[in-house]
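Read the structure below first, then the notes.
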Amino acid sequence: AQTVTQSQPEMSVQEAETVTLSCTYDTSESDYYLFWYKQPPSRQMILVIRQEAYKQQNATENRFSVNFQKAAKSFSLKISDSQLGDAAMYFCALRMIKAAGNKLTFGGGTRVLVKP
Amino acid sequence: DAGVTQSPTHLIKTRGQHVTLRCSPISGHKSVSWYQQVLGQGPQFIFQYYEKEERGRGNFPDRFSARQFPNYSSELNVNALLLGDSALYLCASSLVGQGTYNEQFFGPGTRLTVL
Numbered sequence: 001a002q003t004v005t006q007s008q009p010e011m012s013v014q015e016a017e018t019v020t021l022s023c024t025y026d027t028s029e030s031d032y033y034l035f036w037y038k039q040p041p042s043r044q045m046i047l048v049i050r051q052e053a054y055k056q057q058n059a060t061e062n063r064f065s066v067n068f069q070k071a072a073k074s075f076s077l078k079i080s081d082s083q084l085g086d087a088a089m090y091f092c093a094l095r096m097i098k099a100a101g102n103k104l105t106f107g108g109g110t111r112v113l114v115k116p
Numbered sequence: 117d118a119g120v121t122q123s124p125t126h127l128i129k130t131r132g133q134h135v136t137l138r139c140s141p142i143s144g145h146k147s148v149s150w151y152q153q154v155l156g157q158g159p160q161f162i163f164q165y166y167e168k169e170e171r172g173r174g175n176f177p178d179r180f181s182a183r184q185f186p187n188y189s190s191e192l193n194v195n196a197l198l199l200g201d202s203a204l205y206l207c208a209s210s211l212v213g214q215g216t217y218n219e220q221f222f223g224p225g226t227r228l229t230v231l
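Residue numbers (the working numbering), protein chains in the order written: chain A, 1 to 116; chain B, 117 to 231.
In structure tokens:
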């Protein structure tokens, strides 16, 4: 079974500054994807960034980047130049590649507050 | 193009009742997954259907069932509702159901309250 843990229930950041969200996971398999999803108050889950476990290079999407440490099973998200619209719940998620289906295993989430 | 749609938006039921939630995937998507998100927690996987067949089931009791129709829309049914079934139910669709990466797109969810 896979598990995903987010140890920070809430993080606060000043507008235009940087915040880093932590995520650790556990799986016995070597082939998987990792994701960060954003869920604003509107409830719609939006994909922020994904990382393939077989890629050593950390993924980047505009102001969002990850620090993927496979040996440590750590997958943190950095939000640079934070904007008011970044305020939301952020969920880390894991998906096995070889398993039947495309089940996502989510962490408990981190609430990000952005102060103007 | 329309995204994933879910109906109804909100629903209030009493304990012991039955509920049916509906999901329409993005046009061309053949896989639908259901997740339960209890307030303050991350989503938990309930079911996945691909090409009208069940491809995955999470750790939920038999009171939970689902099906996928020929047009790839899906229903989630919950019998004998309990207070603990109160949650946001999310539907996600993707082009295919397994293997190499294909993004899952989430709907806005159905908020179920059981009194």
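Where is the CB? At the ideal position from N, CA and C, for every residue including glycine.
Contact list for residue i against chain B, beta-carbon separation under 7 Å
i: A/Leu-47; result: Glu-219
CB contact below 8 Å: residue i versus chain B
i: A/Asn-62; result: no
i: A/Leu-104; result: yes
i: A/Gln-44; result: yes
i: A/Phe-75; result: no
Min CB distance residue i to chain A below 8 Å
i: B/Phe-161; result: yes
i: B/Pro-224; result: yes
i: B/Gly-158; result: yes
i: B/Leu-192; result: no
i: B/Ser-147; result: yes
i: B/Gln-152; result: no
i: B/Gln-184; result: no
i: B/Ser-209; result: no
Which residues DSSP lists as bridging residue i, in chain order
i: A/Glu-52; result: A/Tyr-33
i: B/Tyr-151; result: B/Phe-161 and B/Leu-206
i: A/Arg-43; result: DSSP, once it has assigned bridges, lists no residue as partnering A/Arg-43.
i: A/Glu-10; result: A/Arg-111
i: A/Lys-78; result: A/Thr-20 and A/Ser-65
i: B/Glu-167; result: DSSP, once it has assigned bridges, lists no residue as partnering B/Glu-167.
i: A/Gln-57; result: A/Gln-57 is not bridged to any residue.
Alpha-carbon spacing of residue i relative to residue j, whole angstroms
i: B/Gln-220; j: B/Thr-130; result: 32 Å
i: A/Ser-76; j: A/Phe-35; result: 10 Å
i: A/Gly-101; j: A/Glu-10; result: 32 Å
i: B/Trp-150; j: A/Gln-8; result: 26 Å
i: B/Gln-164; j: B/Asn-195; result: 19 Å
i: B/Leu-198; j: A/Glu-17; result: 44 Å
i: A/Ser-80; j: A/Lys-38; result: 15 Å
i: A/Thr-27; j: A/Ala-99; result: 12 Å
i: A/Ser-82; j: A/Arg-111; result: 14 Å
i: B/Thr-229; j: B/Gln-133; result: 12 Å
i: B/Phe-176; j: B/Val-154; result: 13 Å
i: A/Ser-74; j: A/Gln-6; result: 10 Å
9 Å Cβ cut-off: residues of chain B touching residue i
i: A/Tyr-33; result: Tyr-217
Residues that residue i contacts on chain B, provided the C-beta gap is smaller than 8 Å
i: A/Gly-107; result: Gly-158
i: A/Phe-91; result: Gly-158 and Pro-159
beta-carbon residue i near the ligand SAH non-hydrogen atom, thresh 7 Å
i: B/Asn-175; result: By its list of ligands, the structure shown contains no ligand whatsoever, and the ligand SAH lies outside what it can speak to.
Where residue i meets chain A, residues with beta-carbon distance less than 9 Å
i: B/Ser-140; result: Chain A residues near B/Ser-140: none, gap ~15 Å exceeds 9 Å.
Closer than 7 Å at the beta carbon, the chain A residues around residue i
i: B/Leu-206; result: Met-45
i: B/Gln-164; result: Gly-101, Asn-102 and Lys-103
query = Can at least three beta-carbon pairs, one atom from the region 19 to 33 of chain A and one from the region 91 to 105 of chain A, be found at a separation below 8 Å?
reply = yes
task = Check whether the region 55 to 71 of chain A touches the region 95 to 109 of chain A, counting contact only when three or more Cβ pairs, one atom from each stretch, lie closer than 8 Å.
result = no
query = How about the region 139 to 158 of chain B and the region 179 to 195 of chain B: do they share at least three Cβ pairs that are nearer than 8 Å?
reply = yes
query = Is it a yes or a no for the region 150 to 166 of chain B touching the region 197 to 210 of chain B, going by three-plus beta-carbon pairs under 8 Å?
reply = yes
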